[in-house]
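Taking the working numbering, the leading residue of the sequence shown gets 1, the next gets one more, and so forth.
These notes concern the structure reproduced below.
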Amino acid sequence: MITARSTPNIALIKYWGNRHDEFRLCANENLAMTLDGPHVDVSIELAETLSVTSANKEMTEKDTVRFQKTLNLIEVYLATIAPTEVSNLTITIDSQIPPSIGLASSAAVFSALAKAVSGLVDADLTDEQISVMARLGSGSAARSIFGGYGAVRNEENLFIDGSKGWQVADEHHWNLHDIIIVPSTEEKKVGSSEGHPKAWTSPDFAKRVEDINNHRQQECIDALLAKDFEKLQAVVEEDCMEMHHCMQTQDPPLNYLSDETYRILDEVKSMRKADHLPVLYTMDAGPTVHLFCTDEAKERITEYAHAQESCKVFEASVGQGAYLV
Ligand code: PMV
Numbered sequence: 001m002i003t004a005r006s007t008p009n010i011a012l013i014k015y016w017g018n019r020h021d022e023f024r025l026c027a028n029e030n031l032a033m034t035l036d037g038p039h040v041d042v043s044i045e046l047a048e049t050l051s052v053t054s055a056n057k058e059m060t061e062k063d064t065v066r067f068q069k070t071l072n073l074i075e076v077y078l079a080t081i082a083p084t085e086v087s088n089l090t091i092t093i094d095s096q097i098p099p100s101i102g103l104a105s106s107a108a109v110f111s112a113l114a115k116a117v118s119g120l121v122d123a124d125l126t127d128e129q130i131s132v133m134a135r136l137g138s139g140s141a142a143r144s145i146f147g148g149y150g151a152v153r154n155e156e157n158l159f160i161d162g163s164k165g166w167q168v169a170d171e172h173h174w175n176l177h178d179i180i181i182v183p184s185t186e187e188k189k190v191g192s193s194e195g196h197p198k199a200w201t202s203p204d205f206a207k208r209v210e211d212i213n214n215h216r217q218q219e220c221i222d223a224l225l226a227k228d229f230e231k232l233q234a235v236v237e238e239d240c241m242e243m244h245h246c247m248q249t250q251d252p253p254l255n256y257l258s259d260e261t262y263r264i265l266d267e268v269k270s271m272r273k274a275d276h277l278p279v280l281y282t283m284d285a286g287p288t289v290h291l292f293c294t295d296e297a298k299e300r301i302t303e304y305a306h307a308q309e310s311c312k313v314f315e316a317s318v319g320q321g322a323y324l325v
């Protein structure tokens, strides 16, 4: 049995929409911070047929189909490197991610699965190759293979490995914190896997893709490498709000943000203006607000988060990425 452990990551430049739906080739380049917790363990063993069980969640038929599709695609990809049969496995998932914390577990699960699969392959796969396998299950999972700050870059072709993960900087580069405020524990109605294929129906999506691929991703990388929080804040918030605008204007529209989200954003903006706090906000496919901050602002932001009535709070910092245990 092979076990790998991984964690979620939170995007600074969001992945939204595909160039190729089946291969999950990202329309735009993207970038995230890998968190230091909570983690997921995925154990695999060769078997006669595929079975997926989770210690913490009832697996639906839809879940199993997603694993089957992912493993079939991984096999197609591996055929180009070191042919390996991986479509029939016993997969056991043990997740420490609290349900309803608003942290997508798919990035952690599929990055751990890809890392575990790399242990079955008779070749030394690079992290870049493992990130391709992770991406076939969940686009954002490609980034959790890496510690620190992981990104996805695009090649012009539409091959199965046409979007690849890479590490912008490791976990020792900049110790940022993600203070997560969860206003709602309602299960979301439309997940990102169903939303991505509709992204091109937003009239503003093509321009978004162009802007990120032409300059925004690079601006974010530059801000990260220079540890320039002000620049990081500007580019991350612009990108997040633009992604939500595209989601809201696609067909059918997706509205993930709630009144509570907007209230928290307004308060954070006032607070940082008054106190000159290095804090930025970003949201994924849900009302959960991620407040990224430096050591300097951590205490103040954590205190603010815990003062929010009927919200759950979760704290994480930059993490080391997926590894075999
Ligand atoms: O990897 P997926 O299919 O869960 O898509 C992730 C989508 C967002 O969370 C909204 C953005 C991102 O880059 O993580």
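A virtual CB, placed ideally from N, CA and C, is assigned to each residue, including glycine.
In the displayed model, His177 falls within a strand according to three-state DSSP. The segment 43–123 contains, as complete alpha helix (DSSP H) runs of 4+ residues, the segments 61–78, 106–118 (chain order). Distance between Asn30 and Asp275, taken at the CA atoms: about 31 Å.
Here Ala285 carries a coil assignment [DSSP, helix/strand/coil].
Assignment of alpha helix (DSSP H) within the segment 139–208, counting only whole runs of 4 or more residues, yields 141–144, 192–195 in chain order. For the pair Met133 and Ile180, the CB atoms are not nearer than the 8 Å cut-off. With 16 or more neighbouring CB atoms inside 10 Å of its own CB, Tyr149 falls in the buried class. If the five residues before and after Val235 are omitted, its C-beta is found closer than 7 Å to the C-beta atoms of Arg216, Glu219, Cys220, Ala223, all from its own chain and listed in chain order. Judged by DSSP secondary structure, Ser6 falls outside any alpha helix (DSSP H) and instead within the beta strand (DSSP E) spanning 2–6. Distance from the CA of Thr3 to the CA of Phe146, rounded to the nearest whole angstrom, comes to 17 Å. With fewer than 16 other beta carbons inside 10 angstroms of its own, Ala307 counts as exposed. The residues Leu78, Ala82, Thr84, in chain order, have a CB closer than 7 Å to that of Val121 in the same chain once the five nearest residues on each side in sequence are set aside. Within the same chain, and ignoring the five residues on either side of Gly137 in sequence, the residues whose Cβ sits closer than 6 Å to its Cβ are Thr70, Phe110.
Relative to the ligand PMV, the beta carbon of Tyr281 is positioned no closer than 7 Å to any heavy atom.
With a beta-carbon spacing of about 6 Å, Leu280 and Glu237 fall inside the 8 Å limit used to define contacts. Put simply, the segment 24–42 touches the segment 203–213. At least three CB pairs are less than 8 Å apart.
Membership of Glu238 in the alpha helix (DSSP H) is indicated by the continuous run 229–249. Around the beta-carbon of Thr282, 16 or more other beta-carbon atoms lie within 10 Å, marking it buried. Collapsing the DSSP output to three states places Glu315 in a strand. Checking the 7 Å criterion, the Cβ of Lys189 is out of range of every heavy atom belonging to the ligand PMV.
In the DSSP annotation of this structure, Arg216 is not part of any alpha helix (DSSP H), being labelled neither H nor E. Here Arg24 carries a coil assignment [DSSP, helix/strand/coil]. Contact between the segment 38–46 and the segment 148–164 is absent: fewer than 3 CB-CB pairs across the two stretches fall below 8 Å. For the ligand PMV, no non-hydrogen atom lies closer than 7 Å to the CB of Tyr149. Residues Pro8, Asn9, Ser138, Ser140, Ala141, Ser144 of the same chain have their beta carbon placed closer than 6 Å to that of Ala107, with the five preceding and five following residues left out of the count. For Thr261, the enclosing alpha helix (DSSP H) covers residues 259–275.
The ligand PMV never approaches Gly17 closely enough for any of its heavy atoms to be under 7 Å from the residue's Cβ. Contact annotation, Lys198 with Gln250: C-beta distance approximately 5 Å; criterion of less than 8 Å satisfied.
With 16 or more neighbouring CB atoms inside 10 Å of its own CB, Lys164 falls in the buried class. Per DSSP, Ala134 is one residue of the alpha helix (DSSP H) stretching across 127–135. Taking the CA atoms as reference points, Met33 sits about 27 Å from Glu309.
The C-alpha of Leu89 is placed about 11 Å away from the C-alpha of Asn72. Looking at the backbone, the Cα of Arg300 and that of Val268 are separated by about 11 Å.
Looking at the DSSP output, Ala305 bridges to nothing.
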